[in-house]
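Student: The following block contains the structure, expressed as structure tokens.
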Amino acid sequence: MQFPDGKLISKTVEVRGDHYRPAPTARIAPADCAVIVPVYNAAEDVAICLERLRAYTPPEVDILFVDDASPDPQIARLLEQARDIPNLRVLRNNHNLGFTGTVNRGMAEVGRKHPILLNSDARVTPNWIAGLLAAARSRPRVATVTPMSDRAGAFSAPELGNDNGLPPGVDEITFARAFRRRALGLYPQVPTGNGFCMFIHRACLDEVGALDVAAFPRGYGEENDFCMRAGRAGWLHLIDDRTYVFHDRSKSFGSAKDGLMKAGRAVIDARYPEYKKAIRVFSHGDDLALARMQARRSQADCLNPRVSLPRTLYVVATQTGGTPQTNLDLMAALQDSRDAWLLRCDSKHLVLSHLQDGKLVEIASRELSDPIEPIRHVSTEYDETVAGWLQRFEFEVVHIRHLAWHSLNLPQLAKLAGCTVVFSFHDFYTICPRSSCCRTMGSSTAVTCNS
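The sequence shown stops at residue 451 when you use UniProt numbering, and every number in between is there.
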């Protein structure tokens, strides 16, 4: 449970409703992934895609744009201007390879990293990477994970299809937050993913091969073919029903779209006779029906102005002393701009509370049978419980005011959940030579000092 070289040694946690249990698969960290964006014209969409990636993608995630010889000169200018985005690279095909060939080039270029395919007309939202990876870790042999969307056909919500508008006056980020907070984390299993935004496990690529560029040179059907091959090899495909990514469909294909769809479907039906029956789950599956019901409820939630507020989790030890009092003052001062929550632990009693109308209301608690003790300063039970709460309640910021009687793994658990971590040096406890907690913060943790 320590942090050699800054890496967490712990079990990951599966979140399904209110139940948390160790997940059976190895941890996939954001740094193990690379986002691949194939580009062909549609400069306006590319600009928005870049803006969203800059705002909501962790800096440790590689981003690769592959320009498929776009004739529009605006594309080159946009991609040149985006080079200040951390870990962003740009490649340009010497000649047009088509969508499938461009994606294959991108997946080869990122080496051993897990590729996350993203269309240039997709618009990501907060915690999208953390959401996809949580689903990928939820069970063994997950080949692909696809989020839900407004216009992604069978992957759309609240309604199946490509016409899901937002409630009047509601912006995309507000709805994505409301959607995530309503989500059940069921991770419905489906026969195929959708390449508009799709995590792919590198081991699956190694086993079944890349996309079939000969059969699907320009797209439409290539991801279905890949997923069906993987399914026959025992791999699974999941929908991340906790993540919502917006999408404008098919602008790069123009008038060729209908013909490409028809040709691609003909190949799929010929290769996989089971396909037609398998895809009935998209319209008749119980888990997907529940996910879409929650999406409808999240639309209503957006009418509450506090839904749009980002959530901050403050961390203290005991209920006495100066830190808890100054922390309450901080929570109250920021309540108009942040949805404030509190995590406290006295080594045995772990309590999560929510600030409501100026008062802390207990939301969840756990009596630790494996308490925190001052020598190791870790507890597997604590880590699994808190990891579950971090995913369930979707905190965007974790502000650690005092780490006493909490696990030293807390900062890294928060990072894995997609949170920004703020660590306050309250007193000499934090830098005591007997404690290794300073090593837990990680390179991207913000640090403040209250002493």
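Heads up, the beta-carbon is just placed ideally off N, CA and C, and yes, glycines get one too.
Predicted model, so just to flag it, every value in this text is computed and none were measured.
1. Keeping to the same chain, check which residues put their C-beta closer than 8 Å to that of Ala-82; ignore five residues upstream and five downstream.
2. How would you call Pro-24, buried or exposed, if buried means at least 16 neighbouring beta carbons within 10 angstroms?
3. Quick one: what's Arg-232 bridged to in DSSP?
4. So the alpha helix (DSSP H) Gln-56 belongs to, where does it begin and stop?
5. Comparing C-alpha positions only, which one of Asn-104, Ile-75, Ala-340 sits nearest to Asp-206?
6. Could you give the distance in angstroms between the alpha-carbon of His-247 and the alpha-carbon of Pro-126?
7. DSSP on Lys-359, reduced to helix/strand/coil?
8. Going by DSSP, which residues form a beta bridge with residue 525?
9. Using a Cβ distance threshold of 8 Å, determine whether the segment 364-382 contacts the segment 271-291, with at least three qualifying pairs required.
10. Going by beta carbon distance, what residues of the same chain come within less than 6 Å of Gly-131, once the five residues before and after it are set aside?
11. Measuring alpha carbon to alpha carbon, tell me which residue in Gly-195, Val-421, Met-293 is nearest Glu-222.
12. Is residue 463 near Val-421, with beta carbons less than 7 Å apart?
13. When DSSP builds the beta bridges, which residues end up paired with Ala-34?
14. Would you mind sorting Pro-22 into buried or exposed? The rule is 16 or more other CB atoms within 10 Å of its CB.
15. If we require 3 or more residues per run, which beta strand (DSSP E) segments fall completely within the segment 178-253?
16. Contact check, Val-39 vs Ile-75 under 8 Å by CB: the rounded distance?
17. What are the residues that DSSP puts in a beta bridge with Ser-156?
18. Is the segment 259-269 in contact with the segment 143-154, if contact means three or more CB pairs nearer than 8 Å?
19. Label Asp-5 either buried or exposed according to how many other C-beta atoms from any shown protein chain fall within 10 Å of its C-beta, with 16 as the threshold for buried.
20. Closest by CA to Glu-394, which one among Gly-418, Ala-154, Pro-167, Met-107?
21. Between which two residues does the alpha helix (DSSP H) carrying Phe-99 extend?
22. Can you list the alpha helix (DSSP H) stretches of 4 or more residues lying completely in the segment 359-404, in chain order?
23. Between the Cα of Cys-345 and those of Gln-294, Leu-408, Ala-300, Ala-154, spot the shortest distance and give me the residue it belongs to.
24. Please state whether DSSP places Val-307 in a helix, a strand or coil.
25. If we call anything under 7 Å between Cβ atoms a contact, is Phe-226 one with Thr-100?
26. Using the three-state DSSP reduction, which class does Arg-92 fall into: helix, strand or coil?
27. When burial is assigned at 16 or more other CB atoms within 10 Å of the CB, is Asp-163 buried or exposed?
28. Mapping DSSP to helix, strand and coil, what is Ser-347?
29. Give the DSSP-derived three-state secondary structure of Ser-120 in the structure shown.
30. I'd like the list of long-range same chain contacts for Met-293, defined as Cβ closer than 6 Å, with 5 residues on each side in sequence excluded.
31. Near Val-447, which residues of its chain fall below 6 Å by C-beta distance, leaving aside the five closest residues on each side in sequence?
32. Under three-state DSSP, which class holds Asp-67?
33. Are the CB atoms of Gln-189 and Leu-236 nearer to each other than 7 Å?
34. Helix, strand or coil for Thr-318 per DSSP?
35. Do the CB positions of Leu-133 and Ile-28 come within less than 7 Å of each other?
Tutor: In terms of the structure at hand:
1. Leu-50, Arg-54, Phe-65, Leu-88, Val-90
2. Its pLDDT being 41, under 50, Pro-24 is placed unreliably in this model, and the coordinates cannot settle the point.
3. Its beta-bridge partners do not exist; DSSP assigns none.
4. The question names Gln, yet the displayed sequence has Tyr at residue 56. From DSSP, the alpha helix (DSSP H) with Tyr-56 extends over 43-56.
5. Asn-104
6. 15 Å
7. In the structure shown, Lys-359 sits in a strand (DSSP, three-state: E or B).
8. The requested residue 525 is not part of the displayed model; the chain covers only 1 to 451.
9. Judged by Cβ distances under 8 Å, the segment 364-382 makes no contact with the segment 271-291, as fewer than three pairs qualify.
10. Asp-240, Arg-242, Thr-243
11. Gly-195
12. Residue 463 is absent from the model: the chain starts at 1 and stops at 451.
13. Its beta-bridge partners are Asp-62, Pro-115.
14. Since pLDDT at Pro-22 reaches only 38, below the 50 mark, its modelled position is unreliable, and the value read off the structure follows with that caveat. With fewer than 16 other Cβ atoms within 10 Å, it is exposed.
15. 197-200, 236-244
16. 6 Å
17. For Ser-156, which the question treats as bridged, DSSP gives the partners Ser-149.
18. no
19. Residue placement at Asp-5 is flagged as unreliable, the pLDDT there being 37, under the threshold of 50; a coordinate-derived value is accordingly withheld.
20. Gly-418
21. 98-109
22. 380-393
23. Leu-408
24. helix
25. no
26. Secondary structure of Arg-92 (DSSP, three-state): strand.
27. exposed
28. Collapsing the DSSP output to three states places Ser-347 in coil.
29. coil
30. none
31. In this prediction, Val-447 has a pLDDT of 48, which is less than 50 and means its spatial position is unreliable; what the coordinates show is noted afterwards. In its chain, beyond the 5 residues on either side, Phe-423 have a beta carbon closer than 6 Å to the beta carbon of Val-447.
32. strand
33. yes
34. Of the three classes helix, strand and coil, the one that applies to Thr-318 here is coil, per DSSP.
35. yes
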